[in-house]
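K.L.:
Chains as they are written, first to last, in my numbering: chain A, 17 to 277; chain B, 16 to 173.
We put the CB at the ideal spot given by N, CA and C, even for glycine.
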């Protein structure tokens with residue numbers, strides 16, 4: 017038989033228990049605490065693109081293809097440069113011929129099968145170049161959908177593909193909202209930008225960053241507050257691509273226009 | 016207890032055991048859930064080392080070229096072309112001078128046009144670079160016939 021006093025006491029306890037957030041039961045990792053209290057900063061690679069500085073020379077694409085052994089004449093690339101030309105009538109003209117491997121050596125916009133479109137200089141309101149590469153998302157949908165565990169995220173945030181384990185199903189290529197993945201024409205497995213993992217792990221810059229004469233591309237450690245890239249991301253106005261997908265992309269852009277997708 | 020129900024069951028059990036046995040040998044020992052958890056970090060750990068072992072081709076360090084090619088280095092360092100890495104035009108260094116002993120140089124007009132094709136794009140750095148229309152500016156002639164890429168100023172004209 018339950019008394020009124022016991023019932024009220026139990027009800028109060030139960031309500032108090034319900035009010036506790038799940039986080040209160042989480043066991044705190046000591047490593048996490050140390051990281052927050054100074055000491056050595058963690059490591060998380062992030063990329064910064066300054067679209068004002070980019071001139072569309074395409075030396076980054078050339079260097080990437082050679083460095084990473086992506087077949088030079090195949091119409092696939094781990095990184096590419098897009099040209100955006102907006103005319104006075106409000107129309108957008110965009111192209112990226114051969115991923116801009118040879119730069120933009122004509123004023124004509126490449127329309128693919130529909131030929132070329134020449135735009136007069138006096139009709140242009142704004143025109144600029146946007147380098148693109150894998151966003152190395154904090155929540156990579158490509159890694160999430162892989163049915164065999166061939167694509168994954170490393171501790172320092174880079175998404176890689178295990179060529180010996182990939183079955184070539186193509187789920188990741190469909191899952192990436194940025195279209196940065198493709199089939200490697202030689203290995204027939206999913207292929208993507210690795211942030212030049214073999215270079216950054218040796219203290220070198222990625223091939224595209226090294227090749228860029230204008231400093232339009234930068235790479236750094238976003239967990240290190242003294243890193244020049246982190247300083248810019250923290251103190252200046254930067255944007256990311258397609259933030260609405262919730263993938264938390266880690267390639268930041270200075271001077272991102274609404275026309276850029 | 017003989018029954019036609021048990022026989023297919025034995026077959027299924029045998030199949031499951033077989034699959035588990037094959038899996039034990041086929042899946043590498045370092046395959047599992049790593050730092051980023053099951054959703055993003057389920058992979059073969061050794062794959063990270065495979066990528067780290069990939070061969071570096073570009074050094075992108077002009078200081079590396081200075082000792083042997085000091086004349087070119089000293090010349091270009093005073094010009095606007097100082098921002099360009101030697102390897103952008105001469106190709107990846109690899110293990111030069113051992114292998115390859117000589118680097119090739121790209122002398123095509125298209126190489127220079129990457130930056131110097133005139134594109135009047137107001138909101139990009141391209142607008143600030145001196146440019147030409149290759150159809151009007153000495154078509155068919157290699158740029159290096161007149162211009163010295165290591166001293167591209169007008170005083171440096173050959």
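Counting Cβ pairs, one atom from each stretch, are 3 or more of them under 8 Å apart for the region 127-144 of chain B and the region 117-131 of chain A?
P.N.:
Taking 8 Å as the limit for Cβ pairs, the verdict is that the region 117-131 of chain A does touch the region 127-144 of chain B.
K.L.:
Looking only at its chain, what residues have a beta carbon closer than 7 Å to the beta carbon of residue 108 of chain A, apart from the 5 residues adjacent to it on each side?
P.N.:
Contacts found: 100, 102 and 275.
K.L.:
Pull out every residue of the region 140-163 of chain B whose Cβ sits closer than 8 Å to any Cβ of chain A, in chain order.
P.N.:
Those would be 140, 141, 144 and 149, in chain order.
K.L.:
Going by DSSP in three states, residue 236 of chain A sits in which element: helix, strand or coil?
P.N.:
Note: residue 236 of chain A maps to strand in three-state DSSP.
K.L.:
Measuring alpha carbon to alpha carbon, tell me which of B:85, B:104 and B:58 ends up nearest residue 281 of chain A.
P.N.:
In the structure as shown, chain A starts at 17 and stops at 277, and residue 281 of chain A therefore has no counterpart that could be examined.
K.L.:
Quick check on the DSSP output: the alpha helix (DSSP H) that includes residue 147 of chain A runs from which residue to which?
P.N.:
Here residue 147 of chain A belongs to no alpha helix (DSSP H); instead the beta strand (DSSP E) covers 140-148.
K.L.:
Looking at residue 115 of chain A and residue 268 of chain A, is the spacing between their C-beta atoms short of 8 Å?
P.N.:
No, the Cβ-Cβ distance between residue 268 of chain A and residue 115 of chain A is not below 8 Å.
K.L.:
Going by C-alpha distance, which of A:265, A:254, A:87 and A:236 is nearest residue 192 of chain A?
P.N.:
Comparing Cα positions, the closest option is A:265.
K.L.:
Examine the Cβ distances between the region 152-161 of chain A and the region 123-131 of chain A and report whether three or more of them are shorter than 8 Å.
P.N.:
Too few Cβ pairs lie closer than 8 Å, so no.
K.L.:
Since residue 62 of chain B contacts residue 176 of chain A with CB under 8 Å, what's their CB separation in whole angstroms?
P.N.:
Rounded, the Cβ-Cβ distance is 7 Å, consistent with contact.
K.L.:
Output the boundary residues of the beta strand (DSSP E) element that contains residue 169 of chain A.
P.N.:
Counting along the chain, the beta strand (DSSP E) containing residue 169 of chain A begins and ends at 167-169.
K.L.:
Could you tell me the boundaries of the alpha helix (DSSP H) in which residue 246 of chain A lies?
P.N.:
First-last of the alpha helix (DSSP H) with residue 246 of chain A: 244-251.
K.L.:
If I measure Cβ to Cβ from residue 163 of chain A and keep anything under 7 Å in the same chain, skipping five residues before and after, which residues do I get?
P.N.:
Taken in chain order, the residues that qualify are 185 and 187.
K.L.:
Is the region 70-79 of chain B close to the region 98-114 of chain B, with three or more CB pairs under 8 Å?
P.N.:
The region 70-79 of chain B, when compared against the region 98-114 of chain B, does touch it at the 8 Å Cβ threshold.
K.L.:
Buried or exposed: where does residue 296 of chain A fall if 16 or more other Cβ atoms within 10 Å of its Cβ makes it buried?
P.N.:
Look at the range of chain A in this structure, 17 to 277, and you will see that residue 296 of chain A is not part of it.
K.L.:
Is any beta-carbon of chain B found at less than 8 Å from that of residue 213 of chain A?
P.N.:
Yes, residue 213 of chain A lies at the interface with chain B (some Cβ there is under 8 Å from its Cβ).
K.L.:
Please state whether DSSP places residue 124 of chain A in a helix, a strand or coil.
P.N.:
Strand, per DSSP.
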